[in-house]
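Note that my numbering has the sequence shown beginning at 11, numbered continuously upward. Glycine included, every Cβ here is placed at the ideal spot set by N, Cα and C. This one's a predicted model, so the numbers in the text were calculated from it and none came from an experiment. Working notes, structure below.
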Amino acid sequence: MGLGFDEMKVFRLLVQLLLDKKRIPYLLTFLILIPLGLYSRIWFRSMEAQCEGGILCFWGEFAPDALYATMYYVILRWIWIHKSQVWAALWALLLCYAIEILQLYHAEWIDAVRATRLGGLILGFSFLWSDIVCYTVGVVAGWGIDVTFLRNRGD
Numbered sequence: 011m012g013l014g015f016d017e018m019k020v021f022r023l024l025v026q027l028l029l030d031k032k033r034i035p036y037l038l039t040f041l042i043l044i045p046l047g048l049y050s051r052i053w054f055r056s057m058e059a060q061c062e063g064g065i066l067c068f069w070g071e072f073a074p075d076a077l078y079a080t081m082y083y084v085i086l087r088w089i090w091i092h093k094s095q096v097w098a099a100l101w102a103l104l105l106c107y108a109i110e111i112l113q114l115y116h117a118e119w120i121d122a123v124r125a126t127r128l129g130g131l132i133l134g135f136s137f138l139w140s141d142i143v144c145y146t147v148g149v150v151a152g153w154g155i156d157v158t159f160l161r162n163r164g165d
């Protein structure tokens, strides 16, 4: 009994996403950004009480949000490789801004999702204007990495 879709088509799509040589640099970048973003957040929380300003405190407070936005840019380029970099940047910004604005909404069901570790990481908890700035910086950084290192020169 099928699930209502062509399983082979889904399998081919997954193989293409994982093994297409144009997509591999984006996948590897994504796999680097995840632990980097998580570590920077964990490190800052462990050092927050000792922070007295300085570049490390600045990095710890704002870098995780910028890396989050960079990750969204890289994911969009990984999945939709044939779309333009501008397309990916605009959609990454739209997605990050929408998630940030959604943090103004606090119904019981969405707060229950936020209470989970993954839900909290994806949806966040409270709206901050500084996050909007961080997302913009992160997407611009993702675009810069893409233009400089990742983009297939034959495109």
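Distance from the CA of C144 to the CA of L24, rounded to the nearest whole angstrom, comes to 31 angstroms. Assignment of alpha helix (DSSP H) within the stretch 77 to 146, counting only whole runs of 4 or more residues, yields 95 to 112, 118 to 124 and 127 to 133 in chain order. Going by C-alpha positions, K19 is about 21 angstroms away from L37.
As the crow flies, the alpha-carbon of C61 is around 16 angstroms from that of P74. Linking F40 to I85 through their CA atoms gives a straight-line distance of about 7 angstroms. The three-state reading of DSSP puts E71 in helix, counting H, G and I together. Of all alpha-carbon atoms in L138, G130, D121 and L103, the one lying nearest the alpha-carbon of A151 is that of L103. Straight-line spacing of the CA atoms in V123 and D141 works out to 20 angstroms. The beta-carbon distance between F137 and I111, rounded to whole angstroms, is 7 angstroms. This is short enough to meet the 8 angstroms contact definition.
Contact between L160 and P35 is confirmed by a C-beta separation of about 4 angstroms, below the 8 angstroms threshold. One thing to note: L128 has its Cβ no nearer than 8 angstroms to the Cβ of I109.
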